[in-house]
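Asker:
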């Protein structure tokens, strides 16, 4: 396997920038840590824009819509617009609308939060579930199984991260998929853990496991990184030239694998999860094309003649 | 593999009965279907008792305690006493008390229903979770992750079937296991589906999948059929002679495998899930020692000289 190229001086930064028109940029661990900007990244993103680069912000988080993400960018004073944001909630809605051509007379059953339902609404896709199933059916003290029935109008089950996941939602999703072989089973992302509160908790890829195990069936499609559908959606919507596109991220098994799967070039930043050691060991299984200590390092070019 | 012996006449019934002192009997599909007794099974159980056989009723269902099961037996007018019932809720409590020797100053975090908490109380084991976590923490509209914290007093996480499963319970169980490598991870049973309402829904073995996937760790022990711990508990408590014990059930992959794993003899009844064809095919992977159309068939002996 080819060794990754380390970007560590102005010449290498310049040479790297020349190769690309578009940067796909993961957010947490690359641009910010939770609510704290990584030093000089704001300036670097501005520099990229001044040099005519197209920026696309890519995240597996399905709890937020593009509009909610945009609010976070604005709060951190980073320039962005809604169409530059590809979160897995939006990508799932885009995929259903434009790839699946989901019928207008069918509904999507949603396990997930408002990020997903907002994006489905914008795409004009009917849905049920989500918030409306946060409360559990009971019949006295007993769970009311008789209220969980097949529904031929449900044409897809879409699962994302949901802190209001409950047995009722799992039983309904199971029943729609079990009773109707044509019902599509879609997962926003397969991350097994969810970072919050300075630690981790079960993530989307874990929350959907009861359905996979009880149905003995994997999802038909998983939208988010490292899987290809989210990139396919970007290519279709944004007419990306993957040869002139670089995926920038901090995780080998999601971000870098995503770029590799989609045929883009890849840049690993060392401000997040994955380390230099992991990519330099002899039997490294996932290797980026480039790596850099921090995306902020490109700021060295700011006093250069590039402008 | 030896072919199973079909019990189909009085001579074979007599010969079978002579070989055993104790019958371990699965309930649903053997004695009853939901709330309907299988014909003549009540009379057969009485016949077994008159012939000095010890009867133990064995079920993977963890939602009921032995007392709740006893009420069902009484409702169906079948003789039974509490000490003859081994449900996975009781077996889990027995296992914690007598095999694990669970410390009296530690607590068990329970995902599960009252069957489990009742049996833990009877064994004098402290617990938390279950009903008290049916309501989800919120902070405004947001799930309050800051309330989910390690607790060094939690020495075990015990998971059974729970129609009030929610993200809060999964996040708490995950946190106790993730933060404390000594915390024991116990599953009442691994059935992936739960029969109810004339169909199936996700079962215990599926509901625990988010923990297995997010922790990347299997349970330390699974109590119920086909696993051995429930039989080990019976042997310890009831001083079973496994050579003179026969497990009677309707499912090859749970009941019959349970007997095989535990070293008892096995009898498959054809009034439930598994079929004659499954055990007679050339490459059958699980084969009982004996099979019979219905446990009720033994009633042919009632007009015989056996009494």
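Chains as they are written, first to last, in UniProt numbering: chain A, 1 to 307; chain B, 1 to 307.
Cβ coordinates follow ideal geometry from the N, Cα and C atoms, glycine included.
Predicted model only: the values in this text are computed from it and were never measured.
Give the residues from the region 178-204 of chain B that approach chain A closer than 7 Å (Cβ to any Cβ), ordered along the chain.
Answerer: Here the close residues are 192, 193, 196, 197, 201, 202 and 203.
Asker: I'd like to know if residue 130 (chain B) contacts chain A, where contact means its C-beta is closer than 8 Å to some C-beta of that chain.
Answerer: It does not: the Cβ of residue 130 (chain B) has no partner Cβ on chain A nearer than 8 Å.
Asker: Note down the Cα distance separating residue 189 (chain B) from residue 177 (chain A), rounded to an integer number of angstroms.
Answerer: The alpha-carbon atoms of residue 189 (chain B) and residue 177 (chain A) are separated by roughly 24 Å.
Asker: Please report the Cβ distance between residue 85 (chain B) and residue 69 (chain B), rounded to the nearest whole angstrom; I am assuming they are in contact, meaning their Cβ atoms lie under 8 Å.
Answerer: Yes, residue 85 (chain B) and residue 69 (chain B) are in contact; Cβ-Cβ is about 5 Å, under 8 Å.
Asker: Looking at chain B, is there any beta carbon in it that lies within less than 8 Å of the beta carbon of residue 306 (chain A)?
Answerer: Interpretation of residue 306 (chain A) is limited by its pLDDT of 46, a score under 50 that renders its predicted location unreliable; no figure is taken from the coordinates.
Asker: Please identify the residue among A:265, A:111 and A:292 whose C-alpha is closest to the C-alpha of residue 274 (chain A).
Answerer: Comparing Cα-Cα distances from residue 274 (chain A) to each of A:265, A:111 and A:292, the minimum goes to A:292.
Asker: Cβ of residue 91 (chain B) less than 8 Å from any chain A Cβ?
Answerer: Residue 91 (chain B) does not count as touching chain A.
Asker: To the nearest angstrom, report how far apart residue 387 (chain A) and residue 266 (chain B) are at their CA atoms.
Answerer: Residue 387 (chain A) is absent from the model: chain A starts at 1 and stops at 307.
Asker: Under 8 Å, Cβ to Cβ, is there at least one residue of chain A near residue 284 (chain B)?
Answerer: Taking Cβ atoms only, chain A never reaches closer than 8 Å to residue 284 (chain B), which makes this a no.
Asker: Going along the chain, which residues of its own chain have a beta-carbon closer than 6 Å to the beta-carbon of residue 229 (chain A), five neighbours each way excluded?
Answerer: So the qualifying residues of the chain are 95, 221 and 223.
Asker: How long is the line joining the alpha carbons of residue 50 (chain B) and residue 61 (chain B), rounded to whole angstroms?
Answerer: Cα to Cα, residue 50 (chain B) sits roughly 28 Å from residue 61 (chain B).
Asker: In or out: residue 22 (chain A) buried (at least 16 other Cβ within 10 Å) or exposed?
Answerer: When all chains shown are included, residue 22 (chain A) counts as buried.
Asker: Count the C-beta pairs between the region 251-264 of chain A and the region 112-129 of chain A that are closer than 8 Å, then say yes if the count reaches three, no if not.
Answerer: Judged by Cβ distances under 8 Å, the region 251-264 of chain A makes no contact with the region 112-129 of chain A, as fewer than three pairs qualify.
Asker: Could you check the C-alpha separation between residue 297 (chain A) and residue 102 (chain B) for me, to the nearest Å?
Answerer: About 54 Å.
Asker: Using a Cβ-Cβ distance under 8 Å, would residue 311 (chain B) count as near chain A?
Answerer: Chain B is shown from 1 up to 307; residue 311 (chain B) falls before or after that span and cannot be answered.
Asker: Please classify residue 225 (chain B) as buried or exposed, where buried requires at least 16 other C-beta atoms within 10 Å of its C-beta.
Answerer: Residue 225 (chain B) is buried by the Cβ-count criterion.
Asker: Kindly list the residues whose CB is nearer than 8 Å to the CB of residue 134 (chain B), restricted to its own chain and excluding five residues on each side of it in sequence; keep chain order.
Answerer: 164 and 166.
Asker: Can you check whether the C-beta of residue 355 (chain B) is within less than 8 Å of a C-beta belonging to chain A?
Answerer: An answer regarding residue 355 (chain B) cannot be provided, because it is not within the stretch 1 to 307 covered by chain B.
Asker: Confirm, please, whether the CB-CB distance from residue 217 (chain B) to residue 185 (chain B) is below 8 Å.
Answerer: Contact: yes.
Asker: Count the other CB atoms within 10 Å of the CB of residue 181 (chain B); is the residue buried (16 or more) or exposed (fewer)?
Answerer: When all chains shown are included, residue 181 (chain B) counts as exposed.
Asker: Is it the case that the CB of residue 103 (chain B) approaches a heavy atom of the ligand ADP more closely than 7 Å?
Answerer: By its list of ligands, the structure shown contains no ligand whatsoever, and the ligand ADP lies outside what it can speak to.
Asker: Determine, using beta-carbon pairs with one atom in the region 277-286 of chain B and one in the region 30-45 of chain B, whether at least three such pairs fall under 8 Å.
Answerer: The region 277-286 of chain B, when compared against the region 30-45 of chain B, does not touch it at the 8 Å Cβ threshold.
Asker: Would you check if the distance between the CB atom of residue 107 (chain B) and the CB atom of residue 301 (chain B) is smaller than 8 Å?
Answerer: Taking 8 Å as the Cβ cut-off, residue 107 (chain B) and residue 301 (chain B) do not qualify as a contacting pair.
Asker: Measuring only the C-alpha atoms, how far is residue 151 (chain A) from residue 92 (chain A)?
Answerer: Cα-Cα distance, rounded: 22 Å.
Asker: Quick one: list the residues of chain B neighbouring residue 210 (chain A), beta-carbon separation under 8 Å, in chain order.
Answerer: Per Cβ cutoff of 8 Å: 202, 206, 207, 209 and 210.
Asker: For residue 50 (chain A), which three-state DSSP category applies?
Answerer: Three-state result, residue 50 (chain A): helix.
Asker: Quick one, which of A:138, A:99, A:97 and A:58 has its alpha-carbon nearest residue 81 (chain A)'s?
Answerer: Among A:138, A:99, A:97 and A:58, the Cα nearest to that of residue 81 (chain A) is on A:58.
Asker: So residue 208 (chain A) packs on residue 168 (chain A), CB below 8 Å; how close in whole Å?
Answerer: In fact, because the Cβ distance is near 16 Å, the residues do not count as touching under 8 Å.
Asker: Can you pull the chain A residues whose beta carbon is under 7 Å from the beta carbon of residue 213 (chain B), in chain order?
Answerer: By Cβ distance, chain A contributes 192, 205, 206 and 209.
Asker: Taking the runs of the beta strand (DSSP E) that are 3 residues or longer, which of them lie wholly in the region 122-205 of chain B?
Answerer: You should have 126-129, 154-159, 184-187, 193-196 and 199-202.
Asker: According to DSSP, simplified to helix, strand and coil, what is residue 21 (chain A)?
Answerer: Three-state result, residue 21 (chain A): coil.
Asker: Report the neighbours of residue 171 (chain B) on chain A: residues whose CB is nearer than 7 Å to its CB, in chain order.
Answerer: The contacting residues are 201 and 202.
Asker: So who's on the other strand from residue 28 (chain A), going by DSSP bridges?
Answerer: Residue 28 (chain A) is bridged to A:32.
Asker: If the cut-off is 8 Å on Cβ atoms, which residues from the region 143-157 of chain A count as contacting chain B, listed in chain order?
Answerer: Under the 8 Å Cβ criterion, the region 143-157 of chain A contributes 143, 145, 146 and 148.
Asker: Between B:28, B:53, B:100 and B:121, which has its C-alpha nearest residue 67 (chain B)'s C-alpha?
Answerer: Cα-wise, what sits closest to residue 67 (chain B) is B:121.
Asker: For residue 75 (chain B), which of B:183, B:242, B:34 and B:47 has the nearest alpha-carbon?
Answerer: Considering only alpha carbons, the answer is B:34.
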